[in-house]
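Contents: one structure, followed by commentary.
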Amino acid sequence: MRGLDSYRQNRVFSAPNEQVVVMLFEMAITRLESAREAMEGAERGCRVKVAEDFAVVRSIYLELLNALDPEAAPEMVKNLALTYSWVVRRLGELGREHNVEGVNGLIRVSQTLLEAFRHAAEHCNDVAEAG
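With this note's numbering applied, the sequence shown corresponds to residues 2 to 132, in that order.
Listed below in structure tokens is the structure:
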């Protein structure tokens, strides 16, 4: 497993910033889907699994929030900050409620953000290649 962990670390550390953001959203979605599956299953210990997944997603969104640069695009950054903060608050609520539909909502929000950042990352790559 060490080789795989090392590969993943190198992939993240060597990726451009916009690609790292895409990877973070992909991981958030993966962990939200995992939490949803744990909620839907009646397996023992699912609350622990949900809490672990939510903690990872919370960390991802807090990292994204802290990485925002208000001077880059103030209005967009303000909207992203509100969205990221809402996700973090909603995770706390869902941790208490164990509401599958609420998790589905967070997955949809995360997927929308992922697609937007994927598009932006592709555009950045096109601009870099043209320049």
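From the three backbone atoms N, C-alpha and C, an ideal C-beta is built for every residue, glycine too.
Own chain partners of residue i with C-beta closer than 7 Å, once the 5 adjacent residues on each side are dropped
{"i": "F14", "result": "Any answer about F14 is weak, because its pLDDT of 46 lies below 50 and its placement is not dependable; what the coordinates show is given next. Contacts found: none."}
{"i": "A82", "result": "L66, L69"}
{"i": "S86", "result": "L66"}
From the options, residue whose alpha carbon lies closest to that of residue i
{"i": "R97", "options": "V23, I61, A52", "result": "A52"}
{"i": "V49", "options": "R119, R59, A36, V58", "result": "A36"}
{"i": "R59", "options": "T84, R119, Q20", "result": "T84"}
{"i": "Y62", "options": "N105, L114, E34", "result": "L114"}
Own chain, CB closer than 8 Å to residue i, minus 5 neighbours either side, in chain order
{"i": "Q20", "result": "A122"}
{"i": "C47", "result": "A39, M40"}
{"i": "N105", "result": "R37"}
{"i": "L33", "result": "D54, V58, V104, L107, I108, S111"}
Own chain, CB closer than 6 Å to residue i, minus 5 neighbours either side, in chain order
{"i": "V23", "result": "F118, R119, A122"}
{"i": "R9", "result": "Confidence is the limiting factor: at R9 the pLDDT is only 42, short of 50, which leaves the residue's position unreliable, though a coordinate-based value still follows. There are no such residues."}
{"i": "N18", "result": "none"}
{"i": "R12", "result": "The predicted position of R12 is uncertain, since its pLDDT is 45 and thus under 50; no value can be drawn from it."}
{"i": "H124", "result": "none"}
Test: residue i CB closer than 7 Å to a CB of chain D
{"i": "L81", "result": "Protein chains in the displayed structure number just one, and chain D is not present."}
If we count Cβ pairs, one from each stretch, closer than 8 Å, do we get three or more for the stretch 24 to 41 versus the stretch 94 to 104?
-> With three or more CB-CB distances shorter than 8 Å, the stretch 24 to 41 counts as touching the stretch 94 to 104.
Pair every Cβ in the stretch 77 to 96 with every Cβ in the stretch 107 to 123, then say whether three or more of these pairs are closer than 8 Å.
-> yes
Touching or not, the stretch 69 to 86 and the stretch 22 to 37, by the rule of three or more beta carbon pairs under 8 Å?
-> no
Unbroken beta strand (DSSP E) runs of length 3 or more, entirely within the stretch 51 to 120: which are they?
-> Within the stretch 51 to 120, no complete beta strand (DSSP E) segment of 3 residues or longer occurs.
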